[in-house]
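The structure appears right after this line, and notes come after that.
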Amino acid sequence: TLVVTIVDLNDFPPSFPPPWSPDHPELSISVMEEQPIGSVVASFVATDPDSNIASYSIEPENRYFSIDKLSGVVTIKDRVDYEQVQELRFAVVVRDTGIPQLSAAALVTANVVNINDNDPIFSQRAYHASVQENAPQGTFVTKVEANDIDAGEFGFVFYSLIGEKNTDFNINDKGEIRVAGMANLDREVTTAITLQVVASDMGHDKSTRRSVSVPVYLTLLDDNDSPPVFSKKTYEASFVANSPLESAQSIVQVFATDADEGINAEIRYSIVAGNENGVLAVNPKTGIVYPVKKLESYRKEYRIGLEARDGNGTGPNTDSCVVLIKLIEINLDKPHFVTPSLPNATVEIPENQTQSGDVIMTVEAVDKDHGDNGLVSYYFKVGDRNVGDTDQFSIDPMTGEIRTKVVLDRELRPRYELVLVARDHGNPAPFETLRFLTVVLKDIDDNAPLFPRTKESSPYMFHIKENLNPGFHVGRVQAIDQDVNENAMVYYYIIDGNWNREFTIDKLQGIIYSNASFDREIKDMYELVVKAIRSYSEADRTVALVNVRIDDVNDNPPKFINAPYFAGLRFTAVEGDTVFTVKAEDPDEDQREGAPVAYRVEHVTLFLPGSTGGIRPIPASFNISSDGRVCATHPMAQYSQARFTIALEAKETMPPHRATRTTLKVWIYEPEQLVRVIIAQPPEEVYADQKQVVA
Numbered sequence: 089t090l091v092v093t094i095v096d097l098n099d100f101p102p103s104f105p106p107p108w109s110p111d112h113p114e115l116s117i118s119v120m121e122e123q124p125i126g127s128v129v130a131s132f133v134a135t136d137p138d139s140n141i142a143s144y145s146i147e148p149e150n151r152y153f154s155i156d157k158l159s160g161v162v163t164i165k166d167r168v169d170y171e172q173v174q175e176l177r178f179a180v181v182v183r184d185t186g187i188p189q190l191s192a193a194a195l196v197t198a199n200v201v202n203i204n205d206n207d208p209i210f211s212q213r214a215y216h217a218s219v220q221e222n223a224p225q226g227t228f229v230t231k232v233e234a235n236d237i238d239a240g241e242f243g244f245v246f247y248s249l250i251g252e253k254n255t256d257f258n259i260n261d262k263g264e265i266r267v268a269g270m271a272n273l274d275r276e277v278t279t280a281i282t283l284q285v286v287a288s289d290m291g292h293d294k295s296t297r298r299s300v301s302v303p304v305y306l307t308l309l310d311d312n313d314s315p316p317v318f319s320k321k322t323y324e325a326s327f328v329a330n331s332p333l334e335s336a337q338s339i340v341q342v343f344a345t346d347a348d349e350g351i352n353a354e355i356r357y358s359i360v361a362g363n364e365n366g367v368l369a370v371n372p373k374t375g376i377v378y379p380v381k382k383l384e385s386y387r388k389e390y391r392i393g394l395e396a397r398d399g400n401g402t403g404p405n406t407d408s409c410v411v412l413i414k415l416i417e418i419n420l421d422k423p424h425f426v427t428p429s430l431p432n433a434t435v436e437i438p439e440n441q442t443q444s445g446d447v448i449m450t451v452e453a454v455d456k457d458h459g460d461n462g463l464v465s466y467y468f469k470v471g472d473r474n475v476g477d478t479d480q481f482s483i484d485p486m487t488g489e490i491r492t493k494v495v496l497d498r499e500l501r502p503r504y505e506l507v508l509v510a511r512d513h514g515n516p517a518p519f520e521t522l523r524f525l526t527v528v529l530k531d532i533d534d535n536a537p538l539f540p541r542t543k544e545s546s547p548y549m550f551h552i553k554e555n556l557n558p559g560f561h562v563g564r565v566q567a568i569d570q571d572v573n574e575n576a577m578v579y580y581y582i583i584d585g586n587w588n589r590e591f592t593i594d595k596l597q598g599i600i601y602s603n604a605s606f607d608r609e610i611k612d613m614y615e616l617v618v619k620a621i622r623s624y625s626e627a628d629r630t631v632a633l634v635n636v637r638i639d640d641v642n643d644n645p646p647k648f649i650n651a652p653y654f655a656g657l658r659f660t661a662v663e664g665d666t667v668f669t670v671k672a673e674d675p676d677e678d679q680r681e682g683a684p685v686a687y688r689v690e691h692v693t694l695f696l697p698g699s700t701g702g703i704r705p706i707p708a709s710f711n712i713s714s715d716g717r718v719c720a721t722h723p724m725a726q727y728s729q730a731r732f733t734i735a736l737e738a739k740e741t742m743p744p745h746r747a748t749r750t751t752l753k754v755w756i757y758e759p760e761q762l763v764r765v766i767i768a769q770p771p772e773e774v775y776a777d778q779k780q781v782v783a
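So for the sequence shown, the numbering used here puts the first residue at 89; every next one is plus one.
Below is the structure:
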């Protein structure tokens, strides 16, 4: 059998799908500008009838595109900007896997698609311009300019206005801003306007349209469109008739304002009516009206008309006012006090008896002038002010009656200094006269003596040493009566605590004296009640509690408690063992509060078994501590069945160092010598009655 194998020969190159052909190997794609790096823009798929596709490549290598060699997918590798390049050309080469390897190429034209990717840009960050107020419709204000670098329709720019006053202006496609119809441009209302100009490109719709804005600052220029306005339509003033002419004399000043600015607001004043005799003039700049001739008193008043004109006196706008000048007579005399007549007068009134509103006196003054110049009113002078009331007094400005406002207590304040004022109603300057008045409160007996409640007197605490002779000055109590003179007399006496008349008191001075010699150890405190006026109660401040403490003197020696003492000690006792504890006390207070008494073993007497006489061992067999504990100083075995008599001393540690003595008898025993005693009592009772049990 003959098998013939036909081996394929790679005689067909790869090919791209239509419209590509070997005779016309061109392809066309569209690429949107500004796509992100890595975006897929096309996919080229080639076929080969007798082999497979080996790879795709862009030849030569392209700046903007790359191709996946296996899939033929083309992606962006650099920014594509329509405004920089509108068309890109490159070749895609495909190779097969046959032998020999064949290839084909597609000449690709990439058309860049324009998008709206740029904002308009103004030529300035802000614009400044000015426009005359009240400018007519169509008045040119300023021009703005913005450009958009996008190509085509996306690069066309149109303008619009936004902002609070945008309806007062229009803007055209050239960026020219003009005054709109019905515009209300009033500098006196608004001196400056800020507009926002919006530049928008020609995006297909609002979602793709791009806009920016810029401020336009407009200053309104003044137009002389506001008249002067006087602060009042009528000015009134007073002037003294027949006054001598003085260079700086003025009667009244008129004042007008103009809402314009610059020369348009410069006002000049002039008299236009009522000045037939030329007696008055006005300063054209300041508006001060002043006399140029004497104003005679036969005329009660002058009425003149004034005009204010803007534009430095040449403008078209004016305002007018009336000035009314009333002539007054000169105030020549000061008021003169009739009551009180003295420059420093005094009035006495009883305390507490003058109720609120009572008249204490009526002051009177006269003035020789006539009319208002001679009319007098009355006041108090407080600081630099004239007042009708103080805290305590009031004065009627017309009648001069001085009244109390509160009940006056001499113990709170005994006198009041008032400055009286008599003031006339003269014009242009009133006169006043002052008079000093002292209000003195007379005392009445309205206060009881009171003992002060202080730390030192609640209660009083006096000290007296014991054993002194009678007549010793113990202390002094003192009550205070807020009254004066005979109303303040205070009498003292002891009403309680003086049972055995141990004390006496000086009824006028409140000095307490001892009337006996005291023994502190018998009684150390006396509590007295001293009365300054009437009945006693704990809350009665006319009563004082007096404590008299008897101060201790060192007049007693220490005393041993429950002496003499007896004790037993085992013969096995050694050095330091406690034999017995004694206690001595000093009844004197200073000894109790100071250092304790000092204990001492004076001597020790030893009595041996069977002997009748004693011996004193050297050194002593016992000592005593500062707290009264008696201890052995060496072992007691050698003294079995003997006894000791210990002489003890308790001595004051403070002068005069009095001392007292007692004995402690100690038996040295052995255990077989003990006798058991049974007592049918609780242990605490036995210990309490130990001395009686031993006896």
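For every residue, glycine included, the Cβ atom is placed at its ideal position computed from N, Cα and C.
Beta-carbon contacts of residue i that lie in its chain and below 6 Å, excluding the five residues immediately before and after
{"i": "residue 446", "result": "492"}
{"i": "residue 578", "result": "537, 567, 569 and 620"}
{"i": "residue 664", "result": "719"}
{"i": "residue 347", "result": "276 and 314"}
{"i": "residue 300", "result": "207, 208 and 287"}
{"i": "residue 226", "result": "266"}
{"i": "residue 652", "result": "750 and 751"}
{"i": "residue 784", "result": "In the structure as shown, the chain begins at 89 and stops at 783. Residue 784 is therefore absent and cannot be evaluated."}
Residue interval of the beta strand (DSSP E) (run including residue i)
{"i": "residue 246", "result": "245 to 250"}
{"i": "residue 416", "result": "406 to 416"}
{"i": "residue 127", "result": "Neither: residue 127 is in no beta strand (DSSP E) and is coded neither H nor E."}
{"i": "residue 532", "result": "No beta strand (DSSP E) holds residue 532; DSSP gives it neither H nor E."}
{"i": "residue 464", "result": "464 to 470"}
{"i": "residue 804", "result": "Because the chain here runs from 89 to 783, residue 804 falls outside it and cannot be looked at."}
{"i": "residue 540", "result": "Element bounds for residue 540: n/a, residue is neither H nor E."}
{"i": "residue 191", "result": "191 to 201"}
{"i": "residue 180", "result": "175 to 184"}
{"i": "residue 766", "result": "Where residue 766 is concerned, there is no enclosing beta strand (DSSP E), given that its DSSP letter is neither H nor E."}
{"i": "residue 303", "result": "299 to 309"}
Residues near residue i by beta carbon distance below 7 Å, same chain, minus five either side
{"i": "residue 557", "result": "605"}
{"i": "residue 525", "result": "428, 433, 435, 506 and 508"}
{"i": "residue 460", "result": "513, 514 and 515"}
{"i": "residue 116", "result": "197 and 199"}
C-beta contact flag for residue i and residue j at 7 Å
{"i": "residue 185", "j": "residue 140", "result": "yes"}
{"i": "residue 298", "j": "residue 207", "result": "yes"}
{"i": "residue 464", "j": "residue 512", "result": "yes"}
{"i": "residue 739", "j": "residue 654", "result": "no"}
{"i": "residue 232", "j": "residue 217", "result": "no"}
{"i": "residue 646", "j": "residue 674", "result": "yes"}
{"i": "residue 310", "j": "residue 349", "result": "yes"}
{"i": "residue 123", "j": "residue 155", "result": "no"}
{"i": "residue 279", "j": "residue 305", "result": "no"}
{"i": "residue 588", "j": "residue 616", "result": "no"}
Local Cβ density within 10 Å of residue i, reported as buried at 16 or more and exposed below that
{"i": "residue 99", "result": "exposed"}
{"i": "residue 724", "result": "buried"}
{"i": "residue 623", "result": "Bear in mind that the predicted position of residue 623 carries a pLDDT of just 42, short of 50, making it unreliable; the figure below should be weighed with that in mind. Its Cβ having fewer than 16 others within 10 Å, residue 623 is exposed."}
{"i": "residue 293", "result": "exposed"}
{"i": "residue 528", "result": "exposed"}
{"i": "residue 158", "result": "exposed"}
{"i": "residue 239", "result": "exposed"}
{"i": "residue 365", "result": "exposed"}
{"i": "residue 602", "result": "buried"}
{"i": "residue 741", "result": "exposed"}
{"i": "residue 490", "result": "buried"}
{"i": "residue 404", "result": "exposed"}
{"i": "residue 128", "result": "exposed"}
{"i": "residue 166", "result": "exposed"}
Cβ shell of residue i (< 8 Å), same chain only, five flanking positions each side left out
{"i": "residue 188", "result": "98"}
{"i": "residue 407", "result": "315, 316, 317, 318, 344, 395 and 396"}
{"i": "residue 113", "result": "104, 192, 193, 194 and 195"}
{"i": "residue 452", "result": "425, 426, 427 and 488"}
{"i": "residue 326", "result": "413, 414, 415, 416, 515 and 516"}
(request) Count the CB pairs spanning the segment 420 to 437 and the segment 373 to 384 that are closer than 8 Å, and state whether there are at least three. (result) no
(request) Report yes or no: do three or more beta-carbon pairs, one from the segment 319 to 326 and one from the segment 351 to 369, lie closer than 8 Å? (result) no
(request) Determine contact between the segment 220 to 228 and the segment 240 to 250, defined as no fewer than three beta-carbon pairs at a distance below 8 Å. (result) no
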